[in-house]
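In the numbering used here, the protein residues as written are 5 to 156.
The C-beta atom is built at its ideal place from N, Cα and C for all residues, glycine as well.
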Amino acid sequence: MSRIAIIGGAGYVGLSYAAALAKLDHDVIGLDLDADKVSKLSQGCVPIFEPGLEDLLREGCAGGRLRFTADYADAVTDAEYVFLCVGTPPASDGAADMLHVRAAASSLATYARGHTIVVNKSTMPPGSAHLIADLLEHHRADSATFSVVAVS
Ligand SMILES: NC(=O)c1ccc[n+]([C@@H]2O[C@H](COP(=O)([O-])OP(=O)(O)OC[C@H]3O[C@@H](n4cnc5c(N)ncnc54)[C@H](O)[C@@H]3O)[C@@H](O)[C@H]2O)c1
Numbered sequence: 005m006s007r008i009a010i011i012g013g014a015g016y017v018g019l020s021y022a023a024a025l026a027k028l029d030h031d032v033i034g035l036d037l038d039a040d041k042v043s044k045l046s047q048g049c050v051p052i053f054e055p056g057l058e059d060l061l062r063e064g065c066a067g068g069r070l071r072f073t074a075d076y077a078d079a080v081t082d083a084e085y086v087f088l089c090v091g092t093p094p095a096s097d098g099a100a101d102m103l104h105v106r107a108a109a110s111s112l113a114t115y116a117r118g119h120t121i122v123v124n125k126s127t128m129p130p131g132s133a134h135l136i137a138d139l140l141e142h143h144r145a146d147s148a149t150f151s152v153v154a155v156s
C-alpha cells in the first residue's frame, strides 16, 4: 500500500479522496491550512455532509490509516503520492484563480524528499501541469524529484 498526502484534505474533494483512499488500505494524511477543520476532523467531527463519509472517516482513523495535520513537513516528507485538492475559485475574469495551487506546490516542494508523484485534482486550465512542474523544480530540495499527473 502507498503513503499518500492530500493537500486541501479538509475540503470537499480532499476529504472524500482521503476517506476513500484510506478505505483502499493506503496510508493517508489529510493536510490542510485550516487548523480549525483539522482539529475537528482529528476529533472525529466531519465538517461537511456526504452520505457514508463520516463512517469511512471513522473507520480509517480508527484503523490507523488516516489522520489529519496542518503541518507540511509532517504530511509530505515521506509521501509517495501527493494529491493537490486546494480550491481554485473563479477570478474576476472568470478564469480559475491559481493562488492556492501555487502556494501549495511551493510548500510541497520545500518539504518533499526523494521521488514524489504529484496528482493535480484541483480544477485547472489546460497546461497547468507545466506550471506545477516549474514551481516544484524552483522550490525543491536537492534530494527531491517529482512527476506531475493531471486527472479530471
Ligand atoms: N466540490 C466539488 O464537488 C468539486 C468537484 C469537482 C472539482 N472540484 C475542484 O476541486 C478543487 C477543490 O474543491 P473543494 O470544493 O474541495 O474546495 P474546498 O474549498 O472545500 O477545499 C479546499 C481546501 O484547501 C485548503 N487549502 C487552501 N490553500 C491551501 C494550502 N496552500 N495548503 C493546504 N490546504 C489549503 C482550504 O483550507 C480548504 O479546506 C477545486 O479546484 C474545485 O474546483 C470540486
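Assign His30 to one of three DSSP states: helix, strand, or coil.
-> coil
Measuring CA to CA, which of Ser111, Gly18, Leu70 is closest to His30?
-> Leu70
Unbroken beta strand (DSSP E) run spanning Arg4, endpoints = It is not possible to answer for residue 4, since the shown part of the chain is limited to 5 through 156.
In the DSSP assignment, what residue or residues form a beta bridge with Ile52?
-> Partner(s): none; Ile52 has no beta bridge.
In chain order, what residues of the same chain have a beta carbon less than 8 Å from the beta carbon of Val155, not counting five sequence neighbours either side?
-> Val123, Asn124, Lys125
Could you round the C-beta distance between Gly13 and Phe72 to whole angstroms and report it? I think they count as a contact, below 8 Å.
-> 6 Å
For ligand 1, is there a heavy atom less than 6 Å away from the beta-carbon of Ile8?
-> no
I think Tyr115 touches Thr81, with their Cβ atoms under 8 Å apart; what is that distance to the nearest whole Å?
-> 5 Å
Please say whether Ala26 and Val17 have beta carbons closer to each other than 7 Å?
-> no
Please go through the same chain and pick out, in chain order, the residues whose beta-carbon is closer than 7 Å to the beta-carbon of Ile121, but skip the five residues on each side of it.
-> Glu84, Tyr85, Ser151, Val153
Run the proximity test for Gly67: is its beta-carbon closer than 6 Å to any non-hydrogen atom belonging to ligand 1?
-> no
Name the residue from Ala74, Gly68, Thr127, Leu45 whose alpha carbon lies nearest to the alpha carbon of Asp101.
-> Thr127
Nearest residue (CA-CA) to Cys89, options Ser147, Ala24, Leu35 | Leu35
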